[in-house]
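Scroll down for the structure; my scribbles are underneath it.
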Amino acid sequence: MHMLYDFYKILEIPRTAGLDDIKKAYRLKAKLVHPDVNNSPKANEVFAIVSEAYEILTDEKTRYLYDIKLDQIDTEKTHAERKKQYYGSSIKNDSYSNALHPNFQSDWSSLNNYVYKEKTDEDYYRQSPWLYNLFFVSGILIGFIIIIVMITGTIRNYWPFPFVLISISGFILVREGWKGIMGKNNFLSKVYKLIKK
């Protein structure tokens with residue numbers, strides 16, 4: 008372990024967790040952070056830490072030694088907090104904040120937040136441009152169908168006139184679908200830009 012993390016917090020399990028709980032937690036976490044499914048530049052690093060957590064916590068001997076080390080750090084943290092309360096924040100040579108015991112939780116949090124950052128439209132587009140465009144094209148088609156059906160049905164008196172207002176949702180779908188496609192540097196937007204010239 009080049010850096011000591013709280014593997015229980017990483018896998019989001021209690022320290023009393025059994026082997027089955029550890030395996031289940033690892034599978035859930037690995038599905039989210041595996042580099043094959045997560046395009047974050049830090050995915051490899053986070054997946055390596057999650058895998059290390061699994062390896063250590065599923066081996067009885069290494070888990071026992073790890074728990075001792077974790078308890079030692081918890082004790083040092085408690086002593087450090089007591090010293091700070093007694094002497095104030097100016098205290099030096101605090102064993103918990105010493106470089107030998109890095110603050111594993113804040114370090115993990117910054118890594119974890121980087122990987123779990125909310126995906127933007129650009130991320131989805133880069134991941135699968137065809138699927139991304141298909142989503143908006145299908146929205147445009149559904150919008151046109153709603154518009155045609157509602158206006159045609161109203162003109163032919165299949166339903167009362169107020170039903171024509173439903174076609175507004177069709178116009179919204181067409182508009183949003185068009186904005187979605189034109190907002191990306193794809194084939195359709197290039198053709199549109201050429202026509203506009």
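Per my numbering, residue 8 is the first one in the sequence shown, and the count goes up by one each step. No residue lacks a Cβ here, since even glycine has one placed at the ideal position from N, Cα and C. The structure presented is a predicted model; accordingly, all values stated were derived computationally and were not measured.
- If you draw a straight line from the Cα of residue 57 to the Cα of residue 20, it comes to about 13 Å.
- Each residue's CA atom was taken as its position, placing residue 44 and residue 138 some 16 Å apart.
- Judged by beta-carbon spacing, residue 65 lies within the 8 Å limit of residue 26, meaning their Cβ atoms are closer than that value.
- In this structure, residue 174 lies near residue 157, with their beta-carbon atoms less than 8 Å apart.
- For residue 187, the enclosing alpha helix (DSSP H) begins and ends at 174-189.
- Nearest in C-alpha terms to residue 15, of all of 74, 46, 67, is 74.
- Residue 141 and residue 76 have their alpha carbons spaced roughly 52 Å apart.
- With a 10 Å radius around the Cβ and a threshold of 16 neighbouring Cβ atoms, residue 60 comes out buried.
- Counting only residues of its own chain and dropping the five nearest sequence neighbours on each side, residue 50 has a CB closer than 8 Å to the CB of 40, 41, 42, 122.
- In the structure shown, residue 23 falls within a coil segment according to DSSP collapsed to helix, strand and coil.
- Residues of the same chain with a CB within less than 7 Å of the CB of residue 143, apart from the 5 flanking positions on each side, are 184, 187, 188 in chain order.
- When only Cα atoms are considered, residue 54 and residue 67 end up about 22 Å apart.
- Here residue 147 is near residue 181, since their CB atoms are less than 8 Å apart.
- In this structure, residue 178 and residue 154 form a Cβ contact; the two beta carbons are roughly 6 Å apart against a cut-off of 8 Å.
- The straight-line gap separating the alpha-carbon atoms of residue 85 and residue 93 is approximately 12 Å.
- Where residue 49 is concerned, there is no enclosing alpha helix (DSSP H), because DSSP gives it neither an H nor an E.
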